[in-house]
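Following our numbering, the numbering of the first sequence begins with 3 at its first residue and continues without gaps. Below is one structure; the comments refer to it alone.
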Amino acid sequence: MEDSQKPDLMDKIVSLCKRRGFVFQSSEIYGGLRSAYDYGPMGSELKRNLMSEWWRFMVHSREDVVGIDASIIMRPEVWQSSGHLANFSDPLVDCKVCGERFRADKAPRKAEGEDAPITLGDKGRAKAAQEKLTEAGVKLQRDGSTLNGAKAGAAGYVCPNCGSPFLSDERRFNLMFRTSLGPVDPIGDVVDIVRKAMAEGADDKALRARVEGALAASSVYLRPETAQAMFVQFLNVQQSLSLKVPFGIAQMGKSFRNEVTAEHFIFRSCEFEQMECEYFVPPGEGPKYLDYWMNERMKWWKSIGIKVDNLRFRKHDDDELAHYSDGCYDVEYKFPWGWDELEGIASRTDFDLKAHAAGSGKKLTYFDPEAVDPETGKPGRHYVPHVVEPAAGATRGVLAALCDAYDEEPADAEGKGARTVLRLHPRLSPIKVGVLPLVKKDGMPEVARKVVEAFFGAGVNAKYDEQHAIGRRYARHDEVGTPYCLTVDTQTLQDETVTIRYRDDRRQERIKIADAVDTVRKALTETT
RNA sequence: GCGGGAGUAACUCAGUUGGUAGAGUGUCAGCUUCCCAAGCUGAAUGUCGCGGGUUCGAUUCCCGUCUCCCGCUCCA
């Protein structure tokens, strides 16, 4: 059943998500919006629960990490200093022959004047391309699906798809969402500029540069990661709480990236949710804390019920590492399409704080009165802390939790009892307990409603449910991962007990109504 | 963005060689039912993804567009 079933596992999960109110496509009634998803009643609970678990583990269960919640829009200089404005701008080029769009810096190199044969998928395409080029004044000889006679141009590279040297100019495609802040009208400025430039006969390149300049003046960007705010607010946080290194700043929230491709349902989308922590340590101690956080973070993923066999670390190769990083590991999950990233844990040296210090002209250093200055030998040392960053994807976590919890049980010999069940960790479950009157009469609904009230009062998300036969209600709760169902029956009316039915094995026990809240609450606080 | 596949009821899908659609599941109501999608009776639901074209007539043919899936490309 291993890999042969894997492809439709995603389909089943997507279908369940919609049917049971976990995830809907954004703007669906208008035809849907690419790569944007809405979390429904069950999904929003699940995501919220997952994120609270992260917060509890990272912030509330330790002394040395504090939280912040920064704004999504920040000054453009932040992204200048962080490198996002430069590094997130990939030079993209379109091939005029096959239409391929590719990154100039990753294309096959070819010196100017070198032969550049063009190879299309088949004869027909080659012929069409040949005709198109002839119209454009370029004559090439065709040999099967290959066109010969072209020479590489000044660009220094050719199309990675077909080998053609006929390419558009390089264009920067920024992965950050740009918008403008304030009641300015950048389009008005652009119109003026274009009008003026056209009057002066400026060429495309000059025009582009001018428009770009006009836009840049009023541009702000939606954050492509939550991390930068924690560097920018490093001093405020450290000083306001008198924190001593090592300490961390944690943040959860939305980030935005104009990804070229969205894929695998909610796995990669333009708007996504992150859970990041920047942990500041003395210089030289990055590797040590990298180890430490790898350990901690893996513990956390296991603690929310993700199966050990579906988790692993992947070390980044040297050529994959950012230039400032001296070590990075991904926590990967075995998704239906293969291993993929849930979280990156990186040792980032002092790159970020130094970059913002340089960019802002502010000193972002830490003073440790107890340390000894290595240069003077005197007590007290100023230094720029190094950073270890565990950065997890919350929306990816949700998908991993769903994939991991999804299970189908076959029917028994009599063809009964088949079910789909989400074996979510109870703390992630959207509904903690379903309260069900066995039948809709004899005062059972009234009793059940009282039980629900008790859970409401205790802050446990409970759901009253009387529609349909009892078996169907259990099945429905299995599908959304409700770990416990309490059923009110005739005996309840006599002795104030209910049956508690366990999702995972369908076992039933009788407990007192008076103990119900504590029983469920205890199960929820148990750590695995 | 490129190549391939696909969009029909809430879900899974059938169907119409062009004459405005059907099944199963689910949903709703009633009866029944004391424990795992039971049964009986009845009911609702679709501008056949969206827009345009051809046609007396389009869900069906053509064009455009949006969205999803697979591969490529990209990806803190």
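Note that the Cβ used here is the ideal one computed from N, Cα and C, for glycine as well. Computed from a predicted model, the values in this text were never measured in an experiment.
- Counting C-beta pairs with one atom in each stretch, the stretch 392-399 and the stretch 448-466 have fewer than three that are closer than 8 Å, which means they do not touch.
- The continuous beta strand (DSSP E) containing P439 extends over residues V435 to P439.
- Counting along the chain, the unbroken alpha helix (DSSP H) around K20 starts and ends at E4 to R21.
- With distances taken between CA atoms, G461 lies nearest to R429 out of T492, R429 and G34.
- A straight-line Cα-Cα distance of about 20 Å links G203 and I189.
- Taking 9 Å as the cut-off, the Cβ atoms of F258 and C279 do not count as close.
- For Y291, same chain residues with a beta-carbon under 8 Å away, outside a window of 5 residues either side, are P248, Y281, V283, S349 and V390 in chain order.
- Within the DSSP bridge table, the entry for M76 names Y223 as partners.
- Sequence-distant partners of G307 (beyond 5 residues in either direction) whose C-beta falls short of 6 Å from its own C-beta, in its chain, are H427.
- Under DSSP, Y281 forms a beta bridge with G250 and V390.
- Excluding residues up to 5 positions away in sequence, L135 and G151 lie with their Cβ nearer than 8 Å to the Cβ of K141 in the same chain.
- Sorting V193, Q132 and V234 by C-alpha distance to the C-alpha of A360 places V234 at the top.
- Residues of the same chain with a CB within less than 6 Å of the CB of R475, apart from the 5 flanking positions on each side, are L438 and D467 in chain order.
- By a beta-carbon distance limit of 8 Å, I515 does not contact T521. Their separation comes to about 10 Å.
- Look at E343 here: in three-state DSSP terms it is strand.
- With respect to G45, F59 sits apart: the two C-beta atoms are not nearer than 9 Å.
- In terms of Cβ geometry, A396 and K20 do not form a close pair [threshold 9 Å].
- By the Cβ criterion, the stretch 228-242 is not in contact with the stretch 28-41, since fewer than three pairs of Cβ atoms, one from each stretch, lie closer than 8 Å.
- Nearest in C-alpha terms to P432, of all of D187, L526, V500 and S305, is L526.
- Contact annotation: L323 and Y335 have beta-carbon atoms that are not nearer than 9 Å.
- In this structure V490 is in contact with M446, their Cβ atoms being roughly 5 Å apart against a cut-off of 8 Å.
- Comparing alpha-carbon positions, the option among G379, K365 and R316 lying closest to P371 turns out to be G379.
- In the DSSP assignment, the residues bridged to H384 are F369.
- Judged by their CB atoms, M277 and M300 are not nearer to each other than the 9 Å cut-off.
- Note that the C-beta distance between R505 and D480 is below 9 Å.
- Rounded to whole angstroms, the Cβ separation of L366 and F236 is 6 Å, and the two are in contact under 8 Å.
- Secondary structure note for T228: it is in no beta strand (DSSP E), with a DSSP letter that is neither H nor E.
- Going by beta carbons, A357 and S73 fall outside the 9 Å limit.
- Within a 10 Å sphere around the beta-carbon of D375 sit fewer than 16 other beta-carbons, which makes this residue exposed.
- Setting aside the 5 residues that flank it on each side, L11 is surrounded in the same chain by P338, C405 and Y408, each with a C-beta closer than 8 Å to its C-beta; the list follows chain order.
- For I15, the CB contacts under 7 Å within the same chain, skipping 5 residues up- and downstream, are L404, C405 and Y408 in chain order.
- According to the DSSP secondary-structure assignment, K514 is paired through a beta bridge with T499.
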